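Going down the list, the sequences are from chains A and B.
Last residue of the first sequence: number 982 in the numbering used here, and the count goes up by one each step with no gaps.
Last residue of the second sequence: number 341 in the numbering used here, and the count goes up by one each step with no gaps.
Every residue, glycine too, gets a C-beta built ideally from N, C-alpha and C.
As the structure is a prediction and not an experimental result, all values here were calculated from the model.
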Amino acid sequence: MLSSERLDQDILHQFFRKMFHIRVVEETLLDLFAHGVIGGTVHTCLGQEAVAVGVISALNVETDIICSNHRGHGHFLAYCGDTRSLLAEILGHPTGVCGGIGGSQHLQKKNFYSNGILGGMSPVATGMAFAEKLKGSGAVVVQFMGDGAMAEGAVYEALNIAALWNLPIMFAVEHNQYAQSTHWSTQHSGSLEQRSEAFGVPSFAIDGNDVAGVNETAQRLINEIRTQSAPRLLFMHTYRLGPHSKGDDLRDQEELDHHLQREPISRLREKLDQSLVAETEQLVRQQVSTLVSDLRGN
Amino acid sequence: MASYLAGIQAGLENALTINEKVVVLGEDIVDPYGGAFKATKGLSTKFPERVISTPICEGGFTGVAVGMALRGFRPVVEIMFGDFLTLCTDQIVNHMAKFPGMFNGQVDVPLVIRTPMGGGRGYGATHSQSLEKMFLGLPGIRVVAPCHIHSVGDILQHAILTDNDPVLFIENKLLYPLDQHTHILIEQTDEIPGYPTVALKNFSSGKPDVTVIAYGGMSRELVPLLDKLQIDELNVTAVFPSSLWPVPFETLVHYGTQCERLVICEEGSTGFNWGSELAVLLYDKLSNKLAAPIVRLAAASQVIPAARRLETEALVNAEKIENAIWELMS
Numbered sequence: 685m686l687s688s689e690r691l692d693q694d695i696l697h698q699f700f701r702k703m704f705h706i707r708v709v710e711e712t713l714l715d716l717f718a719h720g721v722i723g724g725t726v727h728t729c730l731g732q733e734a735v736a737v738g739v740i741s742a743l744n745v746e747t748d749i750i751c752s753n754h755r756g757h758g759h760f761l762a763y764c765g766d767t768r769s770l771l772a773e774i775l776g777h778p779t780g781v782c783g784g785i786g787g788s789q790h791l792q793k794k795n796f797y798s799n800g801i802l803g804g805m806s807p808v809a810t811g812m813a814f815a816e817k818l819k820g821s822g823a824v825v826v827q828f829m830g831d832g833a834m835a836e837g838a839v840y841e842a843l844n845i846a847a848l849w850n851l852p853i854m855f856a857v858e859h860n861q862y863a864q865s866t867h868w869s870t871q872h873s874g875s876l877e878q879r880s881e882a883f884g885v886p887s888f889a890i891d892g893n894d895v896a897g898v899n900e901t902a903q904r905l906i907n908e909i910r911t912q913s914a915p916r917l918l919f920m921h922t923y924r925l926g927p928h929s930k931g932d933d934l935r936d937q938e939e940l941d942h943h944l945q946r947e948p949i950s951r952l953r954e955k956l957d958q959s960l961v962a963e964t965e966q967l968v969r970q971q972v973s974t975l976v977s978d979l980r981g982n
Numbered sequence: 012m013a014s015y016l017a018g019i020q021a022g023l024e025n026a027l028t029i030n031e032k033v034v035v036l037g038e039d040i041v042d043p044y045g046g047a048f049k050a051t052k053g054l055s056t057k058f059p060e061r062v063i064s065t066p067i068c069e070g071g072f073t074g075v076a077v078g079m080a081l082r083g084f085r086p087v088v089e090i091m092f093g094d095f096l097t098l099c100t101d102q103i104v105n106h107m108a109k110f111p112g113m114f115n116g117q118v119d120v121p122l123v124i125r126t127p128m129g130g131g132r133g134y135g136a137t138h139s140q141s142l143e144k145m146f147l148g149l150p151g152i153r154v155v156a157p158c159h160i161h162s163v164g165d166i167l168q169h170a171i172l173t174d175n176d177p178v179l180f181i182e183n184k185l186l187y188p189l190d191q192h193t194h195i196l197i198e199q200t201d202e203i204p205g206y207p208t209v210a211l212k213n214f215s216s217g218k219p220d221v222t223v224i225a226y227g228g229m230s231r232e233l234v235p236l237l238d239k240l241q242i243d244e245l246n247v248t249a250v251f252p253s254s255l256w257p258v259p260f261e262t263l264v265h266y267g268t269q270c271e272r273l274v275i276c277e278e279g280s281t282g283f284n285w286g287s288e289l290a291v292l293l294y295d296k297l298s299n300k301l302a303a304p305i306v307r308l309a310a311a312s313q314v315i316p317a318a319r320r321l322e323t324e325a326l327v328n329a330e331k332i333e334n335a336i337w338e339l340m341s
């Protein structure tokens, strides 16, 4: 039995709505980009929505802290659902979550912080965990990174300190298989899953496209981190369906088709009431489209 | 009389005593060692929870301090040698300095990075540099380098407790043992609150013949030189801003307009340095008041040699400054 089958249908439906919402927002962003409405760059997490929703649903979003990366729209939306301020930010409006100064990769709201330097947030998140430990707040920090960032030295300095000082942090690795255009196997030696173990950070490798499974494991690890004040690493196998940023994709269609069969939203959809799903999808599309029209002033 | 090092120690201790959100991180900083230059001697015994030795990973623990600053602490990082700032440059440039502006003023990063710079001890190419020029002009940070006549402890305490922006705090390592007292006439101006500029004069009336603008370790060379030039009846003002970036520009213009001859000197290597930027700024205001072009002194553009004789040839010292002054007067 898949772990998803054990979860309540209502919760699964909520996960679906959040994941589908992220998908629609990001497809909208790519469309706006293609039409020249937004500039700069947009890194989407198409195909990785189960990671964002599964992990962040396991947190206490009032007190826990999230450090995200360049591919952080999904994390942001799963954290606060504030689509308007995210879209406004990327459209460059002063009402954006960082007044349009931050843009897609540099988002900050309450306990959410993202930055566009790969691996750079690992030490920062570790310091936040140290701060919360000294305060005795009970808060846990989750730091998202991709397998690409696991080639950065800063990550290992952070793992060492997090374990040495017993800090309440979960390193959440999205193994989406590509670093820009480079397949993970051509830039990493040894086992990615087991690397953190050498630092004394227990690592758990799971299917990152099964939102219920992600959520269940994340809940267990977050609970361990909170009660034991010790770091963990959650390693999630997933796949980046979209291009690195915009149209820069040179992968084989055959490979993409293979992974489309395993993508998290279709997999979850199959387990839900189809008429309810159709209703949710229509509602989400309408919400996002209304927001975009509002923000574009038409 | 208190030394520069004692001033640093007192500044740290006062900050730790006054605000419990102050933490100090760095390599080998706990007792009994107390840091490579002993700046934290005794502090981990008094504040064991808040004075913490780190692994050897300057980028990592600087990032940790950035995270702590974002979450309500006021961390102080010690980088054992300023040369090692290159290892934490990503955290300084793309994290520490960026967050307040990039996040539209929604966060503060009240973090002080202290580090000793400078040569003169024969440590060679990777333990003798004055790399602060790499960070001058970087938006979002302040670069501070008090000389030994400044109340260095007060400035450090201000940076830690009062300044909500990140500060790179440069301590020239040859200043540590120096007595902070001087008998030479001092003026202090506070154009930038908390970061005073001090000016020393070797004359009590009349105008200066030459004004020297310098910072940090150059005070060790200039204070005795002012005495020497007094005997030669040459009136010299030496001006030392403690804030290198931003520059207390009005103050420097004020001293620049008092005479027709200006020298700018610094220990760092020549080429795209503090003196070049300062000279350009000053020319805009003073060009028609100067009797001669501004003279700029800096270290040679080369690796700093380990051998004493070669190191002396490469770096700026009192003799070279004196020669430049007499040449400017001739």
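Problem - Distance, Thr222 (chain B) Cα to Gly78 (chain B) Cα - result: As a working note, residue 78 (chain B) is residue 67 in the second sequence. As a working note, residue 222 (chain B) is residue 211 in the second sequence. So the alpha carbons of these two residues sit roughly 43 Å apart.
Problem - Local Cβ density within 10 Å of Val825 (chain A), reported as buried at 16 or more and exposed below that - result: In the first sequence, residue 825 (chain A) corresponds to position 141, counting from 1. Buried: at least 16 other Cβ atoms inside 10 Å.
Handout entry: Among A:Gln789, A:Cys751, A:Glu858 and A:Val739, nearest to Ser806 (chain A) - alpha-carbon criterion
Key = Translated into positions along the first sequence, residue 806 (chain A) becomes position 122. Among A:Gln789, A:Cys751, A:Glu858 and A:Val739, the Cα nearest to that of Ser806 (chain A) is on A:Cys751.
Practice task
Using the Cα positions of Met685 (chain A) and Ser929 (chain A), report the straight-line distance between them to the nearest angstrom.
Solution key: Here the question's residue 685 (chain A) lines up with position 1 in the first sequence. Here the question's residue 929 (chain A) lines up with position 245 in the first sequence. The predicted model places Met685 (chain A) with a pLDDT of 44, which falls under 50 and marks its position as unreliable, so this point remains unresolved.
Exercise for the section: Using beta-carbon positions only, say whether Gly358 (chain B) and Asn183 (chain B) come within less than 8 Å of one another. Expected result: Here chain B has residues from 12 to 341 only, and residue 358 (chain B) is not among them.
Exercise for the section: Inspect the beta-carbon positions of Tyr15 (chain B) and Gln191 (chain B) and report whether they are closer than 8 Å. Expected result: Within the second sequence, numbered from 1, the residue matching residue 15 (chain B) stands at position 4. Within the second sequence, numbered from 1, the residue matching residue 191 (chain B) stands at position 180. Yes, these two residues count as a Cβ contact at 8 Å.
Handout entry: Ala210 (chain B) beta carbon less than 8 Å from that of Ala225 (chain B)
Key = By 1-based counting over the second sequence, the position of residue 225 (chain B) is 214. By 1-based counting over the second sequence, the position of residue 210 (chain B) is 199. For Ala225 (chain B) and Ala210 (chain B), no; Cβs fall outside 8 Å.
Problem - Range covered by the alpha helix (DSSP H) that runs through Phe760 (chain A) - result: In the first sequence, residue 760 (chain A) corresponds to position 76, counting from 1. Where Phe760 (chain A) is concerned, the enclosing alpha helix (DSSP H) stretches over His757 to Cys764.
Problem - Proximity to Gly723 (chain A) [Cα-Cα], best of A:Leu714, A:Gly731 and A:Leu730 - result: Here residue 723 (chain A) corresponds to residue number 39 of the first sequence, with the count starting at 1. Looking at A:Leu714, A:Gly731 and A:Leu730, the one whose alpha-carbon comes closest to that of Gly723 (chain A) is A:Leu714.
Practice task
Grab the span of the alpha helix (DSSP H) containing Lys212 (chain B) for me, first residue to last.
Solution key: Here residue 212 (chain B) corresponds to residue number 201 of the second sequence, with the count starting at 1. Where Lys212 (chain B) is concerned, there is no enclosing alpha helix (DSSP H), although the beta strand (DSSP E) around it starts and stops at Thr208 to Lys212.
Exercise for the section: List the endpoints of the continuous beta strand (DSSP E) containing Pro127 (chain B). Expected result: In the second sequence, the residue the question calls residue 127 (chain B) occupies position 116. Val123 to Met128 is the span of the beta strand (DSSP E), which, as asked, contains Pro127 (chain B).
Problem - Test: Ala26 (chain B) CB closer than 8 Å to a CB of chain A - result: By one-based count along the second sequence, residue 26 (chain B) stands at place 15. With 8 Å as the cut-off, Ala26 (chain B) does not count as an interface residue toward chain A.
Problem - is_contact[Gln168 (chain B), chain A] using C-beta, thresh 8 Å - result: Taking the second sequence and counting its residues from 1, the one referred to as residue 168 (chain B) is at position 157. No, Gln168 (chain B) lies away from the interface with chain A (no Cβ there is under 8 Å from its Cβ).
Practice task
With a 10 Å radius around its C-beta and 16 neighbouring C-beta atoms as the bar for buried, classify Gly74 (chain B) as buried or exposed.
Solution key: Counted from its first residue, the second sequence places residue 74 (chain B) at position 63. Buried, because 16 or more other Cβ atoms sit within 10 Å of the Cβ of Gly74 (chain B).
Handout entry: Cβ-based neighbour list, Gln102 (chain B), same chain, cut-off 7 Å, excluding 5 preceding and 5 following
Key = To locate residue 102 (chain B), count along the second sequence from 1; it is residue 91. Cβ neighbours of Gln102 (chain B) beyond the five flanking positions: Gly70, Thr73, Gly74 and Val77.
Problem - Neighbour list for Tyr923 (chain A) in chain B, Cβ cutoff strictly below 9 Å - result: Along the first sequence, one-based indexing puts residue 923 (chain A) at 239. None at all; the shortest Cβ gap to chain B is about 28 Å.
Problem - Selection from B:Val258, B:Leu273 and B:Gly53 that minimises the alpha carbon distance to Trp337 (chain B) - result: For the purposes of this step, residue 337 (chain B) is taken as the residue at position 326 of the second sequence. The shortest Cα separation from Trp337 (chain B) among B:Val258, B:Leu273 and B:Gly53 belongs to B:Leu273.
Practice task
Let me know the secondary structure DSSP gives Arg185 (chain B) once reduced to three states.
Solution key: The residue labelled residue 185 (chain B) in the question sits at position 174 within the second sequence. Rather than Arg, the amino acid found at residue 185 (chain B) in this sequence is Leu. Here Leu185 (chain B) sits in coil by DSSP.
Handout entry: Coil, strand or helix - Ser688 (chain A) by DSSP
Key = By one-based count along the first sequence, residue 688 (chain A) stands at place 4. Because Ser688 (chain A) sits at a pLDDT of 49, beneath the cut-off of 50, its placement in the model cannot be relied upon, and the point is left open.
Problem - Buried versus exposed, by CB contacts within 10 Å (16 or more), Asp957 (chain A) - result: Start at 1 with the first residue of the first sequence, and residue 957 (chain A) comes out as number 273. Flag for Asp957 (chain A) reads exposed.
Practice task
Measure from the alpha carbon of Ser741 (chain A) to the alpha carbon of each residue in A:Phe699, A:Thr767 and A:Val726, then state which is nearest.
Solution key: Taking the first residue of the first sequence as position 1, residue 741 (chain A) is located at position 57. Checked all of A:Phe699, A:Thr767 and A:Val726; the closest Cα to Ser741 (chain A) is A:Phe699.
Exercise for the section: Let me know the secondary structure DSSP gives Asp936 (chain A) once reduced to three states. Expected result: Looking up residue 936 (chain A) in the first sequence gives position 252. Three-state result, Asp936 (chain A): coil.
Practice task
Just mark His867 (chain A) as buried or exposed, buried being the case when its beta carbon has 16 or more other beta carbons within 10 Å.
Solution key: If you number the first sequence from 1, residue 867 (chain A) lands on position 183. Burial check for His867 (chain A): the Cβ neighbour count within 10 Å stays below 16, so the residue is exposed.
Problem - Nearest neighbour of Phe283 (chain B), chosen from B:Ser312, B:Tyr294, B:Val247 and B:Asn246 [CA to CA] - result: In the second sequence, counting from the first residue as 1, residue 283 (chain B) sits at position 272. Answer by Cα proximity: B:Ser312.
Practice task
Give me whichever residues DSSP pairs with Pro86 (chain B) in a beta bridge.
Solution key: Indexing the second sequence from 1 puts residue 86 (chain B) at position 75. According to DSSP, which records beta bridges pairwise, Pro86 (chain B) is partnered with B:Val34.
Practice task
Would you check if the distance between the CB atom of His345 (chain B) and the CB atom of Pro207 (chain B) is smaller than 8 Å?
Solution key: Since the first and last residues shown for chain B are 12 and 341, residue 345 (chain B) lies out of range.
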